[in-house]
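Chemist: This is the structure I have questions about; it appears just below.
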């Protein structure tokens, strides 16, 4: 490749890295962008003047990455000869994010799709001008280092940008927005909130509240607002003064209408899991909440989402300023993704008893260590939580008191009690519905079991995302049967994107489901054609002329001696 560009030395080439910072579907366009940037860097040519030989040489490389950009060395303005200064003590270089995105799998672009320069935060000890209590809170939590998403999100928010974060579960996004929100925190004299975090579920509200409380070290008044808990108690705490408010949209709208809280002095706003907020139908509530903000001042706004549909993009255009940046972790937003630390296993069985037996064997042979591993078993229906918990505890010969169950039918107090016992290791096995599949952050969950497979790939992704969090490893087992054909096709595509070997049984299950769907569609089409022909032959105003080319009028209808039931279409026709 270097032979095509004689002006480039090997040492200079080493100071460049490849960045996957945007999406380009056409291979030729990817190639032209890459070669154009490459040649333009050394003044050799523009995009339209790339030699044909270079196109042929780089084409295989283009098909492996969506879009490329060659960027300068990590040290702005440094020459190849000075690259040895990278290890100099106390040196914090200003890095073009595209130069490190290959290492950290994070890309940052502005509204025009151009790369944004930012100084990465490699550890929390590098925080400058942070309150002493915040630094103490970070030391108490003993975070070993910043995650990839935190390295760039915290500095960008500290500079005052509005931001959109696309990141998978377990990437450390809560700390990524909590630290800059508290670093620039100033309490309002009237006791109204300075920071507002909107979340879709009660569990996520509680989890986020805990993070702010731990980081605040008692110096910040953190309140929460969500349904299913006593309203009067939450309102009384808000009236006593609140610095950080974490809330579900429904309960917050209730408090705003009742005058228990005001957002007129809000300075920092976060939409956590924006895609989930829209999926749960909170769009109207969000518009009404935003109407309570002071129109003269725009709070700094951060929005997080695991996916990037048009509805979320419209939400970004509506609520965020034009001076916004897009922070993308890996291929988040291009499709569902789970971090690489999760091992996914599929088990094929038919009956409930067979599933209990196979799950018991995983424990008995040591694959799942019931003495040290924390295990979440997901089922589809509320009634199945108690049944599965009893059957599994009976299979292992353990007391049912050490097996917890959580579902939407429990009161908030009951759910909080079960989750507290699970976090404190009083119970090590939790049977749950999808109420626990999203937003809960329990770092030491080592294993997840989809005892009953979910109906959608989105639910599958968020279920197994309860393990393998914060850089830890985890395993996800999924039981499948013939009833799960609707998930099979999406699961094949998902596992392929995750570079996981797809079992032959899953491929066969997907093919069988597709075949059944094709047969069903053909039956529906035949039924539609049959119904259409019957409508055409009877216009409602007597008999029509024949469509067979016969010019004769139909003879008057003769009495029909058949039974009435014979005129009805058979079930096979439908």
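In the numbering used here, the protein residues as written are 496 to 1069. Backbone N, C-alpha and C fix where the C-beta goes; we use that ideal spot for every residue, glycine too. Owing to the predicted nature of the structure, the values given are computational and were not obtained by experimental measurement.
(1) With a threshold of 16 other CB atoms inside 10 Å of the CB of residue 945, please say whether the residue is buried or exposed.
(2) When the Cβ atoms of the stretch 873 to 881 are set against those of the stretch 938 to 953, are three or more pairs found closer than 8 angstroms?
(3) Alpha carbon to alpha carbon, how far is residue 850 from residue 985?
(4) Here's a check: name, in chain order, each residue in its chain whose Cβ is nearer than 8 angstroms to the Cβ of residue 816, leaving out the five neighbours to either side.
(5) Can you tell me which of the three DSSP states residue 988 falls into?
(6) I want to know whether the stretch 857 to 874 touches the stretch 687 to 698 - three or more CB-CB distances under 8 angstroms.
(7) Please identify the residue among 788, 716, 1005 and 605 whose C-alpha is closest to the C-alpha of residue 681.
(8) If we count Cβ pairs, one from each stretch, closer than 8 angstroms, do we get three or more for the stretch 727 to 740 versus the stretch 651 to 668?
(9) Assuming residue 726 and residue 836 form a contact by the criterion Cβ under 8 angstroms, report the distance between their Cβ atoms to the nearest whole angstrom.
(10) Closest Cβ-Cβ distance between residue 724 and chain B: below 8 angstroms?
(11) May I ask you to list the residues that DSSP assigns as paired with residue 799?
(12) Compare the beta carbon distance of residue 660 and residue 644 with 8 angstroms and say whether it is the shorter of the two.
(13) If residue 763 sits next to residue 676, beta carbons under 8 angstroms apart, how far is it from one beta carbon to the other, in whole angstroms?
(14) Enumerated in chain order, which unbroken segments of the beta strand (DSSP E) with a length of 3 residues or greater are wholly contained in the stretch 607 to 668?
(15) Write down the C-beta distance between residue 784 and residue 821 rounded to the nearest angstrom, noting that I regard them as a contact closer than 8 angstroms.
(16) Among the residues of its own chain, which have a CB less than 6 angstroms from the CB of residue 740, if the five just before and after it don't count?
(17) Could you tell me the alpha carbon to alpha carbon distance between residue 906 and residue 998, rounded to whole angstroms?
(18) Nearest CA to the CA of residue 923: which residue from 909, 904 and 898?
(19) Can you check the stretch 904 to 941 for any alpha helix (DSSP H) of at least 4 residues that lies completely inside it and give the ranges in chain order?
(20) Looking at the secondary structure, which residues open and close the alpha helix (DSSP H) in which residue 805 lies?
(21) What does a CB cutoff of less than 8 angstroms around residue 1045 pick up in its chain, not counting 5 residues either side in sequence?
(22) Can you tell me where the beta strand (DSSP E) holding residue 839 begins and where it ends?
(23) So what does residue 945 bridge to, in DSSP terms?
(24) Going by DSSP, which residues form a beta bridge with residue 719?
Modeler: Based on what the coordinates show:
(1) Position 450 of the chain shown, counting from 1, holds the residue named residue 945. Answer is buried; the Cβ neighbour count reaches 16.
(2) yes
(3) As a working mapping, residue 850 is identified with position 355 in the chain shown. As a working mapping, residue 985 is identified with position 490 in the chain shown. Their Cα atoms are separated by approximately 23 angstroms.
(4) Along the chain shown, read from residue 1 onward, the residue named residue 816 stands at position 321. Closer than 8 angstroms at Cβ, skipping near neighbours: 657, 793 and 796.
(5) Numbered from its first residue, the chain shown carries residue 988 at position 493. Three-state DSSP puts residue 988 in a helix.
(6) no
(7) As a working mapping, residue 681 is identified with position 186 in the chain shown. Comparing Cα-Cα distances from residue 681 to each of 788, 716, 1005 and 605, the minimum goes to 716.
(8) no
(9) Within the chain shown, numbered from 1, the residue matching residue 726 stands at position 231. Within the chain shown, numbered from 1, the residue matching residue 836 stands at position 341. At roughly 40 angstroms, the Cβ-Cβ gap does not stay under 8 angstroms, so residue 726 and residue 836 are not in contact.
(10) Checking the listed chains, one finds no chain B in this structure; it contains a single protein chain.
(11) As a first step, residue 799 is located in the chain shown; it is residue number 304 there, counting from the start. According to DSSP, which records beta bridges pairwise, residue 799 is partnered with 660.
(12) Taking the first residue of the chain shown as 1, we reach residue 660 at position 165. Taking the first residue of the chain shown as 1, we reach residue 644 at position 149. Cβ distance < 8 angstroms, so residue 660 and residue 644 count as in contact.
(13) In the chain shown, counting from the first residue as 1, residue 763 sits at position 268. In the chain shown, counting from the first residue as 1, residue 676 sits at position 181. Yes, they are in contact, since the Cβ atoms of residue 763 and residue 676 sit about 5 angstroms apart, within 8 angstroms.
(14) 657 to 661
(15) Along the chain shown, one-based indexing puts residue 784 at 289. Along the chain shown, one-based indexing puts residue 821 at 326. Their Cβ separation, rounded to whole angstroms, is 24 angstroms, which puts residue 784 and residue 821 out of contact at 8 angstroms.
(16) Numbered from 1 along the chain shown, position 245 holds the residue referred to as residue 740. Correct list, in chain order: 688, 691 and 718.
(17) The count along the chain shown starts at 1 and reaches residue 906 at position 411. The count along the chain shown starts at 1 and reaches residue 998 at position 503. So the two alpha carbons sit approximately 41 angstroms from each other.
(18) As a first step, residue 923 is located in the chain shown; it is residue number 428 there, counting from the start. If we check each option's Cα against that of residue 923, 898 comes out closest.
(19) 907 to 918
(20) To locate residue 805, count along the chain shown from 1; it is residue 310. Where residue 805 is concerned, the enclosing alpha helix (DSSP H) stretches over 805 to 814.
(21) Within the chain shown, the letter at position 550 stands for residue 1045. Residue placement at residue 1045 is poorly supported in this model, since its pLDDT is 46, which falls under 50; the coordinates still yield a value, given next. Closer than 8 angstroms at the Cβ level, and outside the excluded window around residue 1045, lies no residue.
(22) Along the chain shown, read from residue 1 onward, the residue named residue 839 stands at position 344. Its beta strand (DSSP E) spans residues 837 to 843.
(23) Locating residue 945 in the chain shown gives position 450, counting from the first residue. In DSSP, residue 945 forms a bridge with 873 and 973.
(24) The residue labelled residue 719 in the question sits at position 224 within the chain shown. Residue 719 pairs with 741.
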